[in-house]
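**Q** Have a look at this one.
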Amino acid sequence: MHARLSLLLLILLAGASSSVLALQMPIYEGTAVLAAGQDEQDDGALRAALTNVLMKVSGDRSVTTDAGLGSVLGDARRIALTVTTRTLADGTRLLVANFDPGAVHDRLATLGRPVWHDDRPPVLVWLGIDDGNQKQIASANQIAALSAMTGRAQQRGLPILLPRMDAVDQNRINPVTLWGAPAQTILAAGQRYGVQTMLVIRLSRGMPWRARYTLIDGRNTEEWEQSDAQSNALLGAAIDGATDRMARRYAVERQGSSIGSVDWWIDGIRSPQDYAAAAGYLQRLEFIRDLRVLRAEGESLQVHLDLAVGERRLRQLLAIDGRIELLDAQSDRLSRLRLVH
Numbered sequence: 001m002h003a004r005l006s007l008l009l010l011i012l013l014a015g016a017s018s019s020v021l022a023l024q025m026p027i028y029e030g031t032a033v034l035a036a037g038q039d040e041q042d043d044g045a046l047r048a049a050l051t052n053v054l055m056k057v058s059g060d061r062s063v064t065t066d067a068g069l070g071s072v073l074g075d076a077r078r079i080a081l082t083v084t085t086r087t088l089a090d091g092t093r094l095l096v097a098n099f100d101p102g103a104v105h106d107r108l109a110t111l112g113r114p115v116w117h118d119d120r121p122p123v124l125v126w127l128g129i130d131d132g133n134q135k136q137i138a139s140a141n142q143i144a145a146l147s148a149m150t151g152r153a154q155q156r157g158l159p160i161l162l163p164r165m166d167a168v169d170q171n172r173i174n175p176v177t178l179w180g181a182p183a184q185t186i187l188a189a190g191q192r193y194g195v196q197t198m199l200v201i202r203l204s205r206g207m208p209w210r211a212r213y214t215l216i217d218g219r220n221t222e223e224w225e226q227s228d229a230q231s232n233a234l235l236g237a238a239i240d241g242a243t244d245r246m247a248r249r250y251a252v253e254r255q256g257s258s259i260g261s262v263d264w265w266i267d268g269i270r271s272p273q274d275y276a277a278a279a280g281y282l283q284r285l286e287f288i289r290d291l292r293v294l295r296a297e298g299e300s301l302q303v304h305l306d307l308a309v310g311e312r313r314l315r316q317l318l319a320i321d322g323r324i325e326l327l328d329a330q331s332d333r334l335s336r337l338r339l340v341h
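This is how it looks when you write it as structure tokens:
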């Protein structure tokens, strides 16, 4: 494992490029690996390509396990605009299918899923790697060495770019300061790239590997951590984590499907800490347009919410974090939420 990291660091230490490679991800194009003897007429591969597109366009990984997915995939051939094959440099053959955007939106609506349109903000990725002896920041010139990250970005439809790490960048930020730099410093360091969204990955060698992620999206900053035996898994997880969080902000449901204003009870509020946890979490959710605490009673808290999503989508979004769950409607009271302990 140490040798594998050393090879990566050798690549990262190679000369920096003067241009930035921005990876654009067509969200209505899906791919699937073809086995020997398969071609563009293979229905299984085409269904896999459509599954990829549904995940990209909704921004939601859970769509791949939706109970209604099978019937939607049955339309794959009908809504495909083009179906071709492509051979990669290593000999892998891919089915490449482009699907009709309107038809994809219709199928997602059938599944109760939102649409994250293709005008997606590019994400500048600051990738720092600490092998225990030195720290390095990956540059645009080394992006080919980071297929675990770029491949996942392609699967999720997330446009990414890496910094040049030339003299200008190095004067603004270095690998040591990246580890503890506040969001404002990182935003200032990347100002020359004209982006408002940045993902910081701090990858540290150990048993297991550890990663600390920071997503800076305008004025919003989110941090999370993860560990894994494989460093590549943490690079892919960085893209998944960033895409999940951005989709919650930017994916939209069809007009008329939002819940709107409700007065709901939150159960499981047993202490002041629970109160702070529930209120703080709800305040951070972009799809809640208004939040007001109305009253407390026993272990329940009544709040006024203005929700910009439908019930099915609300359930999906809350399940991502697992902090608060949506309960089934009850006839005796309006208890709809519960803090998860």
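Residue numbers for the sequence shown follow this note's numbering, beginning at 1 and rising by one.
Yeah, the Cβ is synthetic: ideal placement off N, Cα and C, and Gly gets one too.
1) Tell me the start and end of each unbroken beta strand (DSSP E) in the segment 254 to 282 that is at least 3 residues and wholly inside, in chain order.
2) Can you give the Cα-Cα distance for leucine 21 and valine 123, rounded to whole angstroms?
3) Given this structure, state the Cα-to-Cα distance separating leucine 314 from methionine 165, to the nearest angstrom.
4) Is the CB-CB distance between isoleucine 216 and arginine 156 below 8 Å?
5) Within the same chain, show all residues whose beta-carbon is closer than 6 Å to that of aspartate 306, passing over the 5 residues directly before and after it, in chain order.
6) Can you say whether serine 271 is buried or exposed, counting buried as having 16 or more other CB atoms within 10 angstroms of its CB?
7) Let me know the secondary structure DSSP gives tryptophan 126 once reduced to three states.
8) With distances taken from CA atoms, which of Ser231, Ala233 and Met149 is nearest leucine 199?
9) Check the C-beta distance from asparagine 98 over to glutamate 40 and give it rounded, since I have them as a contact under 8 Å.
10) Under the rule that 16 or more other beta-carbon atoms within 10 Å means buried, what is methionine 207, buried or exposed?
11) My parser needs the alpha helix (DSSP H) runs of 4 or more residues fully inside the segment 113 to 193; what are they?
12) Give every residue of the same chain whose Cβ lies closer than 6 Å to the Cβ of threonine 221, excluding the five residues on either side of it in the sequence, and list them in chain order.
13) Looking only at C-alpha atoms, which of Leu162, Glu223 and Ala48 sits nearest to glycine 74?
14) Do the segment 43 to 59 and the segment 132 to 141 make contact, defined as three or more Cβ pairs closer than 8 Å?
15) Hey, histidine 304 and leucine 294 are a contact pair by Cβ (cut 8 Å); roughly how many whole angstroms apart?
16) For arginine 205, I'd like the list of residues in its chain whose CB is within less than 7 Å of its CB, leaving aside the five on either flank, ordered along the chain.
17) When you compare only the Cα positions, how much space is there between glycine 128 and threonine 197?
18) Do you know offhand how far arginine 338's Cα is from leucine 301's?
19) Please give the ranges of any beta strand (DSSP E) in the segment 65 to 103, keeping only runs that are unbroken, at least 3 residues long and fully inside the region.
20) Name the one or two DSSP bridge partners that aspartate 290 has.
21) In angstroms with no decimal places, state the Cα-to-Cα distance between arginine 219 and leucine 187.
22) Would you report the Cα separation of alanine 296 and proline 175, rounded to the nearest angstrom?
23) What's the C-alpha gap between valine 168 and alanine 279?
24) With 16 as the cutoff for other CB atoms within 10 Å, does glutamine 154 come out buried or exposed?
**A** Reading from the atomic positions:
1) 260 to 267
2) Interpretation of leucine 21 is limited by its pLDDT of 47, a score under 50 that renders its predicted location unreliable; the figure taken from the coordinates is listed afterwards. Computed Cα separation, rounded: 12 Å.
3) 41 Å
4) no
5) Ser261, Arg289 and Asp290
6) exposed
7) strand
8) Met149
9) 12 Å between Cβ atoms; not a contact.
10) exposed
11) 147 to 156, 167 to 172, 175 to 180 and 183 to 189
12) Ala183
13) Ala48
14) no
15) 6 Å
16) Leu5, Asp130, Asp131 and Gly132
17) 17 Å
18) 10 Å
19) 80 to 87 and 93 to 99
20) Asp306
21) 10 Å
22) 48 Å
23) 42 Å
24) buried
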